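Protein chains in written order, with this note's numbering: chain G, -19 to 361; chain V, 100 to 230.
Every residue, glycine too, gets a C-beta built ideally from N, C-alpha and C.
Fair warning: this is a prediction, and the values are worked out from it, not measured in the lab.
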Amino acid sequence: MEGIVAVGYGLVRVGEYWAKDIVSLAADAASMALDMAKQPSVDALYVGSALSGALGIQGNLAIHVADELGFADGLAVNISAGGASSGLAVLSGIDRLLSGSAEYVLVGGVEKVSDNLPSDVLEAILIDIDRRVLKYSGLTDAGLAAIMARLYMEEYGVSKEKITSLSVLDHENGVNNPYAMFRRAVSLDMAMSAPLVADPLTIFDVAPYGDGAAFLVLTTKEKALEEGLDYMEFLGYGVARNRVPISHRSNLLSFDASAEAASVALSRANISIDSLRFVELFDNFSITGVLALEALGLSGSGSGADDVWSGKFNLDRQVSVDIMGGLKARGHPIGATGAYQLCEAFMRFEEAPRREYGLVHMMSGFDDQAIVFVVGGGGSA
Amino acid sequence: MPEITEWRDRIWRYRLIGSRCGGCGSTYYPPRNSRCLKCGGDLEEVELPRRGKLLSYTVVYQAPTLYKYSTPYIVGYIELLDGTRLFAMLTDVEPDEVRVGMELEATLRKLYTYGESGHIVYGVKFRPAVG
Chain G
-19 MEGIVAVGYG LVRVGEYWAK DIVSLAADAA SMALDMAKQP SVDALYVGSA LSGALGIQGN
41 LAIHVADELG FADGLAVNIS AGGASSGLAV LSGIDRLLSG SAEYVLVGGV EKVSDNLPSD
101 VLEAILIDID RRVLKYSGLT DAGLAAIMAR LYMEEYGVSK EKITSLSVLD HENGVNNPYA
161 MFRRAVSLDM AMSAPLVADP LTIFDVAPYG DGAAFLVLTT KEKALEEGLD YMEFLGYGVA
221 RNRVPISHRS NLLSFDASAE AASVALSRAN ISIDSLRFVE LFDNFSITGV LALEALGLSG
281 SGSGADDVWS GKFNLDRQVS VDIMGGLKAR GHPIGATGAY QLCEAFMRFE EAPRREYGLV
341 HMMSGFDDQA IVFVVGGGGS A
Chain V
100 MPEITEWRDR IWRYRLIGSR CGGCGSTYYP PRNSRCLKCG GDLEEVELPR RGKLLSYTVV
160 YQAPTLYKYS TPYIVGYIEL LDGTRLFAML TDVEPDEVRV GMELEATLRK LYTYGESGHI
220 VYGVKFRPAV G
């Protein structure tokens, strides 16, 4: 795959926007992306949002965002696919460009969780994952992650501290991200002794939900060079699904979809995993981040937590993980999170002008549907 | 009306009914309506064994609204005698008594009550096996 680039990104700091509605929040981020891309004429808009319809905030969201932005015509598509919503929006935009049906597309996601009670948000998320399995067992998303964490600890003889060290790394890196919900480092002691959400996971093992919006303007590399725009290049992508409901899987600890998506993305990009400079994990929980590390091929089975603990993926190492704070520190605006990850990758390339590669991993639920993008920096300068 | 869905699911939820593949013998819970994921074979409904062992568990402290009066409660990841794996709430046991590997048996219990209608929803939970 070649020739598709992002020429603009826009995002708001993840948090609570009491005075903003979902459409204007999306428009704020989208306008920033359009400004950076020098206000191109957009042919198609893809908006990811996991919960806007389910929570009764705004149905058919994309046409409202398009209208707010003043787009007179063009395609406006809404995508609701849990944590994969904005990733699939980006993927759809890329496909639209590759088909030749568009010259510029605006892609991203928005989520507004502060308009509803936390318990209502939780229920909407559980229905997204699997109504029957979760509702009749009393299991929550954090509960499912906790069951995976205990299974992992039993199977590999790994301590809880090592799993939680990924949250500590996220917070350390999030300090550098102006758009992160939490910009402070935390100690392992603090993370371990925090209140339990679902034993053995504490609030520091669980990425916090927040309001957020993030968008990217995509076009062809040819067009970007013609217009003299700096860009981030999409070198490859892969998408795959795991079995649902999760009780039908033979191994809870094997994120097969993430593994498949990464393998396809790297092979399309013709890049080996060793030449990556950074990897952004969809670590909605500390344990799912660890399992993703193993699925992507950065750690062997059962050694992901050990590797994080030993500092193998710190900022100063060859391959750094969650360089802008991951889901734990940046925050998790569910259907917009994937777009945040890509915006942050673009920000990284702006700061590091030399040619380097990054891998961005996203998923809905627990590896239910995984998307992996391989991206590289570039520019006309 | 979410309560219609509880009614629709009642039989498999009360009786621990899953699906078994006529071709390869794989089992699934909750039951699948379509074909076997492993071999594509035809599936039939089957009452699953009511005993198994605990593979992993959690104690839930932050619960959805319907379970908020039950916290903290224990949810187990359980392997039944025929190899079927499922998630279910544990009952008649305290968090500090739970051990991975312990033997469990199924029992019909109240899951939750809808506040406005008073509709009580029942389903299978698991308790430490006796004898």
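is_contact[residue i, chain V] using C-beta, thresh 9 Å
i               : result
A361 (chain G)  : Confidence is the limiting factor: at A361 (chain G) the pLDDT is only 44, short of 50, which leaves the residue's position unreliable, though a coordinate-based value still follows. Closer than 9 Å: no.
L126 (chain G)  : Residue 126 (chain G) is actually Ala in this sequence, not Leu. Taking Cβ atoms only, chain V reaches closer than 9 Å to A126 (chain G), which makes this a yes.
G123 (chain G)  : yes
D348 (chain G)  : no
V138 (chain G)  : no
A93 (chain G)   : Note on residue identity: the sequence assigns Val, not Ala, to residue 93 (chain G). Not an interface residue.
V113 (chain G)  : yes
L176 (chain G)  : yes
T120 (chain G)  : yes
D108 (chain G)  : no
L102 (chain G)  : yes
S99 (chain G)   : yes
L78 (chain G)   : no
L131 (chain G)  : yes
E141 (chain G)  : no
E(-4) (chain G) : no
Exposed unless 16 or more other CB atoms sit within 10 angstroms - verdict on residue i
i                : result
V(-15) (chain G) : buried
D47 (chain G)    : exposed
R130 (chain G)   : buried
K209 (chain V)   : exposed
M170 (chain G)   : exposed
W106 (chain V)   : exposed
P225 (chain G)   : buried
G357 (chain G)   : buried
Q19 (chain G)    : exposed
F264 (chain G)   : In the sequence as presented, Phe is not what sits at residue 264 (chain G); that position holds Asn. By the 10 Å Cβ count, N264 (chain G) comes out buried.
T199 (chain G)   : buried
L90 (chain G)    : The sequence as given places Val at residue 90 (chain G); Leu does not occur at that position. Under this definition V90 (chain G) is a buried residue.
S32 (chain G)    : buried
G62 (chain G)    : buried
R328 (chain G)   : buried
G190 (chain G)   : buried
N132 (chain V)   : exposed
P158 (chain G)   : exposed
A9 (chain G)     : buried
V354 (chain G)   : buried
A361 (chain G)   : For A361 (chain G), the predicted structure reports a pLDDT of 44, less than 50, and the residue's modelled location is therefore unreliable. A value from the coordinates is still provided. A361 (chain G) comes out exposed.
W(-2) (chain G)  : exposed
Proximity test, Cβ basis, 9 Å: residue i and chain G
i              : result
M188 (chain V) : yes
R112 (chain V) : yes
K165 (chain V) : First, the residue type needs correcting, since residue 165 (chain V) is Leu and not Lys in the sequence shown. Answer yes: the Cβ-Cβ gap between L165 (chain V) and chain G drops below 9 Å somewhere.
Y176 (chain V) : yes
Y213 (chain V) : no
Y160 (chain V) : yes
G230 (chain V) : no
D108 (chain V) : yes
Y172 (chain V) : yes
Closer than 9 Å to chain C by CB, residue i
i              : result
Y116 (chain G) : The question asks about chain C, but that chain is absent: this structure's protein chains are G and V.
Heavy atom of the ligand NAD within 8 Å of residue i beta-carbon
i              : result
M304 (chain G) : In the structure shown, the ligand NAD is absent, as is every other ligand, since no ligand is present at all.
Segments assigned alpha helix (DSSP H), at least 4 residues, entirely inside the stretch 288 to 359 of chain G: Along the stretch 288 to 359 of chain G, the alpha helix (DSSP H) occurs as fully enclosed runs of 4 or more residues at 306 to 310 and 317 to 331, listed in sequence order.
Validate contact between the stretch 143 to 152 of chain V and the stretch 113 to 132 of chain V using beta carbons, cut 8 Å, 3 pairs: A contact between stretches requires three or more CB pairs, one per stretch, nearer than 8 Å, and the stretch 143 to 152 of chain V meets this requirement with the stretch 113 to 132 of chain V.
Chain V contacts from the stretch 228 to 262 of chain G (Cβ-Cβ distance under 9 Å): Under the 9 Å Cβ criterion, the stretch 228 to 262 of chain G contributes H228, R229, S230 and L232.
Three-pair Cβ contact test at 8 Å for the stretch 144 to 158 of chain G versus the stretch 183 to 201 of chain V: Contact fails: fewer than three Cβ-Cβ distances are below 8 Å.
Interfacial residues, the stretch 178 to 194 of chain G to chain V, with Cβ spacing under 7 Å: When CB distances to chain V are screened at a threshold of 7 Å, the residues of the stretch 178 to 194 of chain G falling below it are A178 and D179, in chain order.
Within 7 Å of chain G by C-beta, residues of the stretch 184 to 211 of chain V in sequence order: Taking a C-beta cut-off of 7 Å against chain G, the contacting residues of the stretch 184 to 211 of chain V are R184, L185, F186, A187, M188, V199 and L210, listed in chain order.
Positions along the stretch 132 to 144 of chain V whose CB lies within less than 8 Å of some CB in chain G: Within the stretch 132 to 144 of chain V, the qualifying residues are L136.
Chain V contacts from the stretch 268 to 284 of chain G (Cβ-Cβ distance under 8 Å): Those would be none; no residue qualifies.
Proximal residues, the stretch 216 to 227 of chain V versus chain G, C-beta separation under 7 Å: Result list: G222.
The stretch 209 to 221 of chain G touching the stretch 175 to 193 of chain G, judged by at least three CB pairs closer than 8 Å: Per the Cβ contact rule, the stretch 209 to 221 of chain G is not in contact with the stretch 175 to 193 of chain G (fewer than 3 Cβ pairs under 8 Å).
contact_flag[the stretch 232 to 240 of chain G, the stretch 161 to 171 of chain V] where n(CB pairs < 8 Å) is 3 or more: Between the stretch 232 to 240 of chain G and the stretch 161 to 171 of chain V there are fewer than three inter-stretch CB-CB distances shorter than 8 Å, so the stretches are not counted as touching.
Touch test, the stretch 285 to 305 of chain G against the stretch 247 to 264 of chain G, Cβ-Cβ under 8 Å, three pairs minimum: The stretch 285 to 305 of chain G is in contact with the stretch 247 to 264 of chain G.
Contact residues within the stretch 143 to 157 of chain V, judged by C-beta distance below 9 Å to chain G: Only L154, S155, Y156 and T157 from the stretch 143 to 157 of chain V bring a Cβ to less than 9 Å from some Cβ of chain G.
Completely contained alpha helix (DSSP H) runs for the stretch 29 to 93 of chain G, where each covers 4 or more residues: Correct list: 41 to 48 and 65 to 78.
Start-end ranges of the alpha helix (DSSP H) lying completely within the stretch 229 to 283 of chain G, minimum 4 residues: Taking only runs of at least 4 residues, the alpha helix (DSSP H) segments lying wholly in the stretch 229 to 283 of chain G are 236 to 249 and 266 to 276.
4 or more residues per run - each alpha helix (DSSP H) lying fully within the stretch 125 to 193 of chain G: Entirely contained in the stretch 125 to 193 of chain G, the alpha helix (DSSP H) runs reaching 4 residues are, in chain order, 140 to 154 and 168 to 173.
contact_flag[the stretch 141 to 148 of chain G, the stretch 170 to 190 of chain V] where n(CB pairs < 8 Å) is 3 or more: The stretch 141 to 148 of chain G is not in contact with the stretch 170 to 190 of chain V.
Cβ contact check for the stretch 75 to 94 of chain G and the stretch 106 to 116 of chain G: 3 or more pairs under 8 Å: Touching, no.
Validate contact between the stretch -10 to 10 of chain G and the stretch 191 to 199 of chain G using beta carbons, cut 8 Å, 3 pairs: Taking a cut-off of 8 Å on C-beta distances, the stretch -10 to 10 of chain G touches the stretch 191 to 199 of chain G, as three or more cross pairs fall below it.
Chain G contacts made by the stretch 115 to 129 of chain V, where a contact means CB separation under 7 Å: Result list: Y127, Y128 and P129.
Stretch-stretch touch, CB-based, cutoff 8 Å, three pairs: the stretch 61 to 75 of chain G with the stretch 340 to 354 of chain G: The stretch 61 to 75 of chain G, when compared against the stretch 340 to 354 of chain G, does touch it at the 8 Å Cβ threshold.
Cβ pair count under 8 Å reaching 3, the stretch 216 to 225 of chain G against the stretch 96 to 106 of chain G: By the criterion of at least three beta-carbon pairs nearer than 8 Å, the stretch 216 to 225 of chain G is not in contact with the stretch 96 to 106 of chain G.
Selection of the stretch 198 to 231 of chain G by Cβ proximity to chain V, strictly under 9 Å: Per Cβ criterion, the list reads R223, P225, I226, S227, H228, R229 and S230.
Cβ contact (3+ pairs, closer than 8 Å) linking the stretch 285 to 297 of chain G and the stretch 306 to 323 of chain G: No, they do not touch.
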